[in-house]
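Mapping the sequence shown onto numbering that gives the first Met the number 0, position 21 (from 1) lands on 20, and the numbers just tick up by one. Remarks on the structure that follows.
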Amino acid sequence: MKRLAVFDFCDTLVSFQTADEFTFFVGKRKNFLKYYPLRIIQYVLSKFPMITNRLSFKKFYLWQLKGISSNEMNILAEAYFEEKIYPNLNLNILKKLQDHIKNQDKVLIISGGYTVYLKAFADFYGKIEIIATDLSTINKIYTGTIDGDDCLGIEKLKKLSNKFNLSDYDLENSSGYTDSLMDLPLISLFGSKFLVDIGQRNDWAKTLGWKIISP
């Protein structure tokens, strides 16, 4: 049976949270009137992490994408990959991903990041499938909203189960990589569980027998 190798993306394969930063990358290039007020709000919120942890501003920042055509968004996504993601990849985790590709495992990125730029990553490295948060379009124009459910927490497991018949895979010899406790429902499926150490608490992972690896 074929094995799975499932990777979170933000703070796992790349060293930052990519979703909000993509909206600001696009906003700065397309509409300063949206970009600067929202960037100020983001800066202020960063000084109050207790508020930021309770409230999600992800959908609010998506306003910066409204009105952009699909063709232009694909170009911006390629630029975002080349300028922001590629220089900030976690090389140890990237090597793990490439080793799984060489071993002919089915490699998946399951992320709360946006499909549009994760596809640019997958196209560059090849033989990677993406399950992520989709963005809504009407007549090939972005609406500045999420299409369906945000691919976070238990939704990652639901989306994986909806896309693949997991009984077709050797889960005991499959692997999952993440930096976050939020991915516990997903990563618990696999025999080999890896927590990427970015300085977060990891006592829970050690208790559950996960392997702690550097980025």
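Even glycine gets a Cβ: it sits at the ideal position worked out from N, Cα and C. For clarity, every value in this text was computed on a predicted model and none was experimentally measured.
- Hey, could you find the ends of the beta strand (DSSP E) Thr132 is sitting in? First-last of the beta strand (DSSP E) with Thr132: Ile127 to Ile137.
- Message: Taking only three categories from DSSP, how would you classify Ser271?
- Response: With the chain covering only 0 through 214, there is no way to say anything about residue 271.
- Task: Name, in chain order, the residues that DSSP records as bridge partners for Lys192.
- Result: Paired residues: Gly175.
- Message: By the three-class DSSP mapping on this structure, what secondary structure does Lys46 have?
- Response: Looking at Lys46 - three-state DSSP - the assignment turns out to be coil, as it is neither helix nor strand.
- Query: Going by DSSP, which residues form a beta bridge with Leu3?
  - Reply: Note: Leu3 sits in a beta bridge opposite Lys105.
- Task: Assign Ser213 to one of three DSSP states: helix, strand, or coil.
- Result: In the three-state scheme derived from DSSP, where H, G and I count as helix and E and B as strand, Ser213 is classed as coil.
- Spatially closest choice to Ile84 from Met181, Leu44, Glu20 and Asp169, by CA coordinates: Checking every option, the nearest Cα to that of Ile84 belongs to Glu20.
- Query: Is it true that the CB of Tyr168 sits closer than 8 Å to the CB of Lys95?
  - Reply: For Lys95 and Tyr168, no; Cβs fall outside 8 Å.
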